[in-house]
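The numbering of the sequence shown is this note's numbering, which starts it at 1200 and goes up by one. Notes to accompany the following structure.
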Amino acid sequence: MEIMIFYGVGMIGIAIILIAFMGFLSNMLKKISRKLEESPVHELEERISQLENEIALLKKDKR
1200 MEIMIFYGVG
1210 MIGIAIILIA
1220 FMGFLSNMLK
1230 KISRKLEESP
1240 VHELEERISQ
1250 LENEIALLKK
1260 DKR
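Here it is in structure tokens:
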């Protein structure tokens, strides 16, 4: 009987630890994604797309 109680408490403890770990991982992923959005690579990609649009407009003007 006592073994079943210890087993149940242990399973609940493991579940709580897993939930806390999942929360920690989700917070880390959010921070990483924010840093990637603010990174210079993102800004460079936006600038490249703007330049490509300007080139396309210039090509249209030449025609």
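All residues carry an ideal CB built from backbone N, CA and C; glycine is no exception.
Between the alpha carbons of residue i and residue j, how many angstroms are there, rounded?
i	j	result
ILE1247	ASN1226	31 Å
MET1200	ILE1215	23 Å
LYS1259	LEU1243	24 Å
MET1207	SER1238	First, the amino acid is wrong: residue 1207 is Gly here, not Met. Approximately 47 Å, taken between the alpha carbons.
LEU1256	ARG1233	33 Å
PHE1223	ILE1211	19 Å
MET1203	GLY1209	10 Å
Can the beta-carbon of residue i be found less than 8 Å from the beta-carbon of residue j?
i	j	result
HIS1241	LEU1235	yes
Quick one: is the Cβ of residue i within less than 7 Å of any heavy atom of the ligand HEM?
i	result
GLU1245	The ligand HEM is not among the ligands present in this structure, which contains no ligands whatsoever.
Residue range of the alpha helix (DSSP H) that residue i falls in?
i	result
SER1232	1201-1237
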